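Residue numbers (full-length UniProt numbering): 1 to 286.
The block underneath contains the structure these notes are about, expressed in structure tokens.
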């Protein structure tokens, strides 16, 4: 029985010896062909590039007669239906579309009809899955009346809702300085962009002495009005006792606060009025 079970082996060996080599497979357009050999019972595997789908068999086997078991498949472009259009919106394709389908990779731009605002991604693309990227929405967007700012005023005090992209300007009273954007804009989330603020001027906290302000040396009594504005720089004169020379130290007005350098020594009324030529601002500079 054991011997008789092996009677088929000579037939198999005869078939193998008589088997022909299969031809090398053709290249697969927009795809890849994977194989190790083309002898009898060798296998080919076919795959497609992203954005293409396989039509036909994904594998083929080399047969004894020297032919492959299946024909070479095709890689056909993935297609999408036309992009969905949001209510009150439209899409502008990047290229001309004919028919009711588009190929993988085709893209376009969504727009909304005024006064609607696009919420979401404005770009659309036919994906390798045969579906479109997420569709945005077209909504009416308004912002509430903007708030005023301390020491400031609005260019528009209307108590109404403002449409998307409407702007309102701010200003400051008196010597207050506007810091931030001159105007705010109604954004697509229904909120205003960041408001500016009004920053206070600074008094220069010395009674006697000379300062350097806007490129000019001024006696403090000649600073009129008696203030500097936010972000402005003033130089205060100090004495280097070791070298007997004067030097200027910069300080800046920041929202009503101007720090007098620690090296400044306020002269007495006598020195200021009778011996001003000996003050740090008047002697040789270091």
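Glycine included, C-beta positions come from ideal geometry on N, C-alpha and C.
From a predicted model like this one, the values you see are computed outputs, not experimental measurements.
Please list, in chain order, all residues of the same chain as residue i whose beta carbon is under 7 angstroms from its beta carbon, the five residues on each side excluded.
i	result
residue 81	100, 101
residue 85	91
residue 144	161
How close, in whole Å, do the beta carbons of residue i and residue j come, if the pair is a contact with beta carbons under 8 angstroms?
i	j	result
residue 286	residue 246	7 angstroms
residue 148	residue 133	No, residue 148 and residue 133 are not in contact; Cβ-Cβ is about 42 angstroms, not under 8 angstroms.
residue 39	residue 62	6 angstroms
residue 104	residue 126	5 angstroms
residue 203	residue 260	Incorrect: roughly 11 angstroms between the Cβ atoms, too far for contact.
residue 70	residue 56	7 angstroms
residue 209	residue 266	6 angstroms
residue 107	residue 94	5 angstroms
residue 177	residue 230	4 angstroms
residue 124	residue 83	5 angstroms
Looking at the unbroken beta strand (DSSP E) that takes in residue i, where does it start and where does it end?
i	result
residue 81	79 to 81
residue 169	167 to 172
residue 116	116 to 119
residue 139	137 to 140
residue 123	123 to 125
residue 103	101 to 103
residue 179	177 to 179
residue 185	183 to 185
residue 253	From DSSP, residue 253 is part of no beta strand (DSSP E); its letter is neither H nor E.
residue 203	Premise fails: residue 203 is in no beta strand (DSSP E) and is neither H nor E.
residue 92	89 to 93
residue 154	152 to 154
residue 96	Segment: none, residue 96 is in no beta strand (DSSP E) and carries neither H nor E.
residue 107	107 to 112
Could you give the residue range of the alpha helix (DSSP H) that holds residue i?
i	result
residue 269	269 to 274
In its own chain, which residues sit with a C-beta less than 8 angstroms from the C-beta of residue i, not counting the 5 before and 5 after it?
i	result
residue 66	19, 20, 21, 22, 23
residue 111	89, 90, 91, 92, 118, 122
residue 45	33, 34, 35, 58, 59
Got a sec? Which residues, its chain only, sit under 6 angstroms from residue i by beta carbon, not counting five neighbours each side?
i	result
residue 233	250, 252
Beta strand (DSSP E) runs wholly inside the UniProt domain "Sushi" (20 to 77), at least 3 long, in chain order:
31 to 34, 43 to 48, 52 to 55, 59 to 61, 74 to 77
Can you list, in chain order, the stretches of the beta strand (DSSP E) that have 3 or more residues and sit fully within the region 207 to 251?
210 to 213, 216 to 219, 233 to 240
Given 8 angstroms as the limit, is there contact between the region 250 to 268 and the region 196 to 207, that is, 3 or more CB pairs closer than that?
yes
I'd like to know if the region 149 to 166 and the region 206 to 220 are in contact, where contact means that at least 3 CB-CB pairs between them fall below 8 angstroms.
no
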